[in-house]
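Report on the following structure.
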Amino acid sequence: MGACLGICSVLSCVSCLCGTAPCLLCGCCPSTKNSTVTRLIFTFFLLLGTLVACIMIIPGVEDGLKKIPWFCETSTTIHGSVNCDIVVGYKAVYRMCFAMAAFFFLFALIMICVKSSKDPRAYIQNGFWFFKFLILLGITVGAFFIPNEPFTTVWFYFGVVGGFLFILIQLILLIDFAHSWSQSWLEKAEEGNAKCWYAVLLTCTGLLYAASIAAVVVLYIFYTKPDDCVENKVFISLNLIFCVIVSVVSILPKVQDAQPHSGLLQASVITLYTFFVTWTALASVPNKNCNPSLLAIVSNTTTSATGQMVQWWDAPSIVGLVIFILCTLFISIRSSNNTQVNKLMQTEENPAMLGGGESSREDGVHRAYDNEEDGVSYSYTFFHFCLLLASLYIMMTLTHWYKPDANYQAMNSAWSAVWVKIVSSWTGLLLYLWTLVAPIMLKNRDFS
Numbered sequence: 001m002g003a004c005l006g007i008c009s010v011l012s013c014v015s016c017l018c019g020t021a022p023c024l025l026c027g028c029c030p031s032t033k034n035s036t037v038t039r040l041i042f043t044f045f046l047l048l049g050t051l052v053a054c055i056m057i058i059p060g061v062e063d064g065l066k067k068i069p070w071f072c073e074t075s076t077t078i079h080g081s082v083n084c085d086i087v088v089g090y091k092a093v094y095r096m097c098f099a100m101a102a103f104f105f106l107f108a109l110i111m112i113c114v115k116s117s118k119d120p121r122a123y124i125q126n127g128f129w130f131f132k133f134l135i136l137l138g139i140t141v142g143a144f145f146i147p148n149e150p151f152t153t154v155w156f157y158f159g160v161v162g163g164f165l166f167i168l169i170q171l172i173l174l175i176d177f178a179h180s181w182s183q184s185w186l187e188k189a190e191e192g193n194a195k196c197w198y199a200v201l202l203t204c205t206g207l208l209y210a211a212s213i214a215a216v217v218v219l220y221i222f223y224t225k226p227d228d229c230v231e232n233k234v235f236i237s238l239n240l241i242f243c244v245i246v247s248v249v250s251i252l253p254k255v256q257d258a259q260p261h262s263g264l265l266q267a268s269v270i271t272l273y274t275f276f277v278t279w280t281a282l283a284s285v286p287n288k289n290c291n292p293s294l295l296a297i298v299s300n301t302t303t304s305a306t307g308q309m310v311q312w313w314d315a316p317s318i319v320g321l322v323i324f325i326l327c328t329l330f331i332s333i334r335s336s337n338n339t340q341v342n343k344l345m346q347t348e349e350n351p352a353m354l355g356g357g358e359s360s361r362e363d364g365v366h367r368a369y370d371n372e373e374d375g376v377s378y379s380y381t382f383f384h385f386c387l388l389l390a391s392l393y394i395m396m397t398l399t400h401w402y403k404p405d406a407n408y409q410a411m412n413s414a415w416s417a418v419w420v421k422i423v424s425s426w427t428g429l430l431l432y433l434w435t436l437v438a439p440i441m442l443k444n445r446d447f448s
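In this text, residue positions in the sequence shown follow the working numbering: the first is 1, and each later residue adds one.
Have a look at this one:
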């Protein structure tokens, strides 16, 4: 009897690993939509890969990677003299993130044009988690056998483009979040206790602007020199002027008439994020005299300009990693109430989005229920494409957007990384400005 029960238990586990998301919910978990559980699990795969990539750049682990003969050897090759003390962590992060990007690209292709959970491919999207993990593991192992060239150089530019696109996605989600935040608090103020809500709104706006002003002062003090760092001065000054412009536009009478919920709260959020992106851009400037590390700022020392030592865990990378985690989780659970954002982010407005589907809780069991029989609640392909871009963004963040020199003796900052971040900050400001003026310019379109 015990053997029979054991066999049944094993078969049940195997069935669950091959089945859909409901098997992965425990009894204490609340009932939720199948689509949400699936997105969270794929996001978990991404975060798991990110954790592994982070571990690979820990000094002790790097020492272990150096001992693998076929992975990296300090020797002279046809491509130059490879210094494993410098590039081994870089190589490991690139290959781990390549594996994640390839994994999500594969599923992006498989899931093209899936319209509902009745499509057989939807069962692949929402199940077979054990086999998906094996696929990711297999791609990861294979990636570590990829030779340096031309992979390293080509994949660097893939990372630059992918990182830029993911920053734009972050900006779109941030703008949507800022509008939703302001709208929610203003509606609560209209419903009652207006003084309290307006005080909280004013306080948050003031704190965000104060943080932005402090950021500008810090950037001018530590990332500029009286007789040097002209580019840094131009970048900081331009972004300061642009942020003042969008803040003024957000409270213009015509904008307020077209969008009563628009105001300085959204502008303050965008302003603070703009200066964060500016900070990360200045932290990538090749001129080390204009780009001190946090350690150099605290200890009042000068950063070496040789580019030999790579400080993986600097402040911009840590903050970028936190924002990356929040953004990917938001992508997994988001459900915007903005029609234009839903169209832009490929989120369909259908019965699944509107809460359709039965939760099947008559038996009191908490489970994930199929809410996509009439139509998917999000574009499967676009979701995987976002995670692919997230893989490239985290790759560039963990390697500080560095590029190895021609003979793999050092890793140095590249101006391409600086321009990617600065242009993305300008693009974000333009997107926010467009959300303010579009209802005025295009009066016949619905911007609800």
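We put the CB at the ideal spot given by N, CA and C, even for glycine.
If I measure Cβ to Cβ from residue i and keep anything under 7 Å in the same chain, skipping five residues before and after, which residues do I get?
| i | result |
| --- | --- |
| isoleucine 175 | Ile270, Leu431, Tyr432 and Thr435 |
| isoleucine 110 | Arg121 and Ile124 |
| isoleucine 146 | Arg95 |
| glycine 163 | Leu392, Tyr393, Met396 and Val420 |
| isoleucine 485 | This structure leaves residue 485 out entirely; the chain is present only between 1 and 448. |
| phenylalanine 45 | Leu136 |
| asparagine 232 | Tyr223, Thr224, Leu282, Val285 and Cys290 |
Please confirm whether residue i and residue j have their CB atoms less than 7 Å apart.
| i | j | result |
| --- | --- | --- |
| valine 88 | leucine 65 | yes |
| lysine 403 | valine 277 | no |
| serine 391 | methionine 100 | yes |
| leucine 388 | phenylalanine 242 | no |
| isoleucine 394 | phenylalanine 324 | yes |
| serine 240 | valine 216 | The sequence shown places leucine at residue 240, rather than the serine named in the question. Taking 7 Å as the Cβ cut-off, leucine 240 and valine 216 qualify as a contacting pair. |
| serine 424 | threonine 274 | no |
| glutamate 373 | serine 117 | yes |
| threonine 466 | leucine 265 | The question about residue 466 has no answer, for the chain in this structure spans 1 to 448. |
| leucine 201 | tryptophan 185 | yes |
| threonine 381 | isoleucine 112 | yes |
| leucine 210 | tyrosine 198 | Position check: residue 210 holds alanine in this sequence, whereas leucine was assumed. Cβ distance not < 7 Å, so alanine 210 and tyrosine 198 don't count as in contact. |
| phenylalanine 222 | proline 292 | yes |
| serine 284 | valine 418 | yes |
| glutamine 170 | cysteine 327 | yes |
| proline 226 | tryptophan 279 | no |
| serine 212 | leucine 282 | no |
| valine 248 | serine 416 | no |
Just grab the DSSP bridge partners of residue i for me.
| i | result |
| --- | --- |
| aspartate 228 | Lys225 |
Whose C-beta lies closer than 6 Å to the C-beta of residue i among residues of the same chain, with five residues either side of it excluded?
| i | result |
| --- | --- |
| threonine 302 | Unreliable placement is indicated for threonine 302, whose pLDDT of 44 sits below 50; the coordinate value is still reported in the next sentence. Excluding positions up to five away in sequence, the list is empty. |
| isoleucine 440 | Lys254 and Ala258 |
| isoleucine 331 | Cys386 |
| leucine 165 | Leu389 |
| cysteine 229 | Cys290 |
| histidine 261 | Ser182, Gln183 and Leu186 |
| aspartate 119 | none |
Quick one: residues in its chain with C-beta nearer than 8 Å to the C-beta of residue i, no 5 flanking neighbours on either side, listed in chain order?
| i | result |
| --- | --- |
| isoleucine 333 | Thr36, Arg39 and Leu40 |
| leucine 442 | none |
### Task
Evaluate the contact criterion for the segment 136-147 versus the segment 386-399: three or more CB pairs, one atom per stretch, below 8 Å.
no
### Query
Does the pairing of the segment 146-157 with the segment 91-109 give three or more beta-carbon distances under 8 Å?
yes
### Query
What are the start and end residues of each continuous alpha helix (DSSP H) run of 4 or more residues lying completely inside the segment 185-253, in chain order?
194-222 and 230-250
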